[in-house]
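As you go down the protein sequences, you meet chains D and P in turn. Using the numbering used here, the first residue of the first sequence is number 688, and each one after it goes up by one. Using the numbering used here, the first residue of the second sequence is number -3, and each one after it goes up by one. Here the structure is laid out as C-alpha cells; the discussion comes afterwards.
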Amino acid sequence: MKHIKTINKPYLQSTIKTGGCGECQASCQSACKTSCTVGNQVCEKRQ
Amino acid sequence: MKENIHKFHYKDIYFLLDVNSGAVHVVDVMTADIMDIFDGHNDETVIAQLSGIYKISELAEVLSELHELINKGQLFAPDIDVPPVFSEKGIVKSMCLLVAHDCNLRCKYCFADSGEFGADRRLMNNEVGEAAVEYIIRHSGNRQHCEIDFFGGEPLVNMPVVRHLTEYIRNREKETGKIFKLTLTTNGMLLTDENIAFLNDNNISVVISLDGRKEVHDRMRPDVGGNGTYDRVISNFKKLVKSRNDENYYMRGTYTKYNLDFTKDVLSMAKEGFDILSMEPVVAKDADYAILKSDLPRIFAEYDKLVDAYLQYKSEGKGFFFFHFNMDLSNGPCVAKRLSGCGAGHEYYAVAANGDMYPCHQFVGRNKYLLGNVFDGVKNTDLPQYFRNCHVLNKEKCRDCWARFFCSGGCHANADLFNGDIYKPYEIGCELQKKRLECAIAVQAINNMEK
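Written out as C-alpha cells, the structure is:
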C-alpha cells in the first residue's frame, strides 16, 4: 500500500473464542503493583 | 458515541488504531484527514469534502486502500462482546501476601499508611501464610501457573516467614504440579548479602522502589527518623541487580506533583545502570503532592519527552525497558484476559497478616471489601462476581472508549477511592492511561518500522 502501512498482525477477533486459558500473569503483579494495564501483558500460550 | 477508530500522532507520524481488531496503521496526512470523515461507506462524501484540498485520483487511491483493510478485518472490525469463556467462574491463581504490616520507611504517599493499613503494625505468621498457599492450590483449578507476591509494608521485615513460605511453596510445587512465580516488593533497606543470596537462590523476582533522582527520592521516601534513604538503597539495588545478571527485577518509581519532570527521574535510573524500569503517577486525594486535572497537559508533554528520550537511548545502544511502553501488538493478551483485567477480587486476592482476604492489596483495611479469610474461605460470596462483572463492557464510561481493550477499565481501588464505586473509573487515571497507551503504540510502531 502506498498511503498506509499496517505495523502488526491483528489478532483480537481471533481470540474471542480461543482465549481465556488464564495461565497468564495477573497484570497488577507484573511490575508495579499499581498498574492494571492489560495491553502490555504477555500471553503464556503464544509466548 | 462508540469510538472504534482512534487517530493520534507522534510528531509528524500519524497512527490509526482499529479498536476491535487491535490493528495499528501508520498513515500519511491525507489518509489521516480522510479518516475524520470516512465511516466505511461514504466514499462520495469524502471526495466531495476533500477534493478542494487533494486530487480526486489520490483520494480514490486512499479509499481503495481503506476498503482493502476493511475487507481484511483490520479497519472497522466488528464489535466485541463478552466471549463465552469469560462467563466461567473465576479461579483464584494469584495472591499478594502482606507478610508485614510494618515498614522501616515513612513514604509520604504510602497508600498503606506506612504498612499499618489503618490497623496495628503486625507480622504474618507461618500458619496464615501456609493457609494462603493452600487456598490458592485448592482454588486455582487446572491452572498450572500461580503467583504469590511477598508484600507489605516491607516484606523483608518479616524475613523468617518469607523464607519458611518459600520453602513450603517449593515443596508443594513438587507435590501438586503447580508452578508458582514468586515476587517480592521491597524498598531495599534490608537487602543484605544474605537476603540477596536467598532471593537469587530461590528465583524470586523483585520489584524495587526508587523514585529517580536523589533529591526526589529523599523528599518522599524518608526513613522513620526523617532521613533520606537514596544513598543506602541505591547501593543495595546495584548489588542485587548485579548479583542476578541484570535480570529478574523491575525498578519502579512514583512521580508526584513535585516531579512532573519525571523523565529526568527515569533517565536517572537508567544512568545508574538499571534498565528495567517503571514510573507510576501517585494516586492521592487532598495532598500537596497529588496530581490534579490541571496538571494533565504538562504531564502529557512530559510523556512525549519520555518517548523522545526512550528512542534516543535506544538508538545510542543504551536502551531500557519502560513498563508502560512495553506492548506486543501482534501477540498480546486475548479478549478474555483484557476483560478480566487485573483480576482483583476474582482471580487475585490480597491476604492481610491475620489471614483476612481482600480483592487486592489496596483494599486491605476497607471493611466493606472484606472477602473472608484463608481458613474459612470467602464469606462475602457476592463480591467475587461483582468484581468479575466489573469489566470494560459493563462500565458506562469504558464501553465506548478507544482504550477499552488495553487498560482493563482502570484500577478498582482508585475508582472506589475517588468515586466510591468500582464501576466508576478514576478520571485522571484514565487520561494518563490513554496518553501512555498512545506513547506505547507509537514506540512499538516506530521500533517495528525500523526493523
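Virtual Cβ for every residue (Gly too), placed ideally from N, Cα, C.
The alpha helix (DSSP H) with residue i in it runs from where to where?
i	result
M265/P	259 to 267
H454/P	Because chain P here runs from -3 to 447, residue 454/P falls outside it and cannot be looked at.
P293/P	292 to 311
F453/P	Missing from the structure shown is residue 453/P; chain P here goes from -3 to 447 and no further.
F194/P	189 to 197
I165/P	155 to 172
F233/P	226 to 239
L65/P	52 to 67
Closest by CA to residue i, which one among the options?
i	options	result
L307/P	H213/P, K177/P, N444/P	N444/P
N198/P	G173/P, E211/P, R384/P, I165/P	I165/P
Q712/D	A266/P, K177/P, E61/P, I295/P	K177/P
E710/D	I437/P, R209/P, L180/P, E143/P	E143/P
F147/P	Q140/P, G114/P, E169/P, C99/P	C99/P
L292/P	H320/P, F316/P, D257/P	D257/P
E423/P	C407/P, D396/P, A438/P	C407/P
G86/P	Y226/P, A340/P, N363/P	A340/P
D300/P	R228/P, D8/P, Y131/P	D8/P
V237/P	M353/P, V78/P, I192/P, Y226/P	I192/P
A297/P	T377/P, D352/P, S274/P, K431/P	K431/P
A266/P	C394/P, V374/P, L288/P, Y309/P	Y309/P
F194/P	G221/P, D219/P, L152/P	L152/P
H141/P	M91/P, R362/P, D304/P	M91/P
S336/P	V220/P, K89/P, L413/P, D14/P	K89/P
I442/P	S701/D, N695/D, T702/D	N695/D
I703/D	V331/P, N376/P, L433/P	V331/P
V303/P	E446/P, D189/P, F321/P, Y50/P	F321/P
Is the beta carbon of residue i sitting closer than 8 Å to the one on residue j?
i	j	result
L187/P	N223/P	no
G18/P	L325/P	yes
K174/P	S201/P	no
Q70/P	T693/D	yes
Y246/P	I230/P	no
A128/P	V347/P	yes
P329/P	C708/D	no
L699/D	N327/P	no
S264/P	R209/P	yes
Under the three-state reduction of DSSP, which class applies to residue i: helix, strand or coil?
i	result
V374/P	strand
Y422/P	coil
M688/D	coil
N451/P	There is no way to answer for residue 451/P, as the model of chain P reaches only from -3 to 447.
E40/P	helix
K177/P	strand
F147/P	strand
M26/P	helix
A19/P	strand
C142/P	strand
D412/P	helix
V360/P	coil
V78/P	coil
A280/P	coil
I287/P	coil
Ignore the nearest five residues each way along the sequence and tell me which others in residue i's own chain have a CB closer than 6 Å to its CB.
i	result
V42/P	I30, I33, F34
T252/P	V278, Y285
M323/P	A436, Q440
R294/P	L256
H37/P	none
H21/P	L12
L161/P	G125
R117/P	H97, D98
A438/P	Y6
Excluding the 5 residues flanking residue i on each side, which residues of the same chain have their C-beta closer than 7 Å to its C-beta?
i	result
A28/P	K3, Y10
N410/P	V279, Y422, G425
V58/P	M26, T27, I30
I133/P	R168, T172, K174
F317/P	D271, I272, L273
G351/P	V124, A127, N369, V370, F371
Q358/P	F107, A409
The beta strand (DSSP E) that contains residue i, what's its start and end?
i	result
F4/P	1 to 6
P277/P	272 to 277
D116/P	First-last for D116/P: undefined, no H or E at that position.
T250/P	245 to 251
H97/P	90 to 97
M353/P	352 to 354
V203/P	201 to 205
A346/P	344 to 347
Could you check if residue i belongs to the surroundings of the ligand SAH, using beta carbon to heavy atom distance under 7 Å?
i	result
E171/P	As presented, the structure is devoid of all ligands, the ligand SAH included, so that no description of it is given.
Leaving out five residues before and five after residue i in sequence, what residues of the same chain have Cβ atoms less than 8 Å from its Cβ?
i	result
D207/P	H213, M216, R217, G249, T250, Y251, N255, D261
Y419/P	C386, N390, K391, E392, A411
L379/P	G341, P355, Y365, L367
T150/P	Here residue 150/P turns out to be Glu, not Thr, going by the sequence shown. Correct list, in chain order: A96, D98, C99, N100, L101, G111, T182, N183, M185, L186.
Looking at chain C, is there any beta carbon in it that lies within less than 8 Å of the beta carbon of residue i?
i	result
T27/P	Of the protein chains in this structure, namely D and P, none is chain C.
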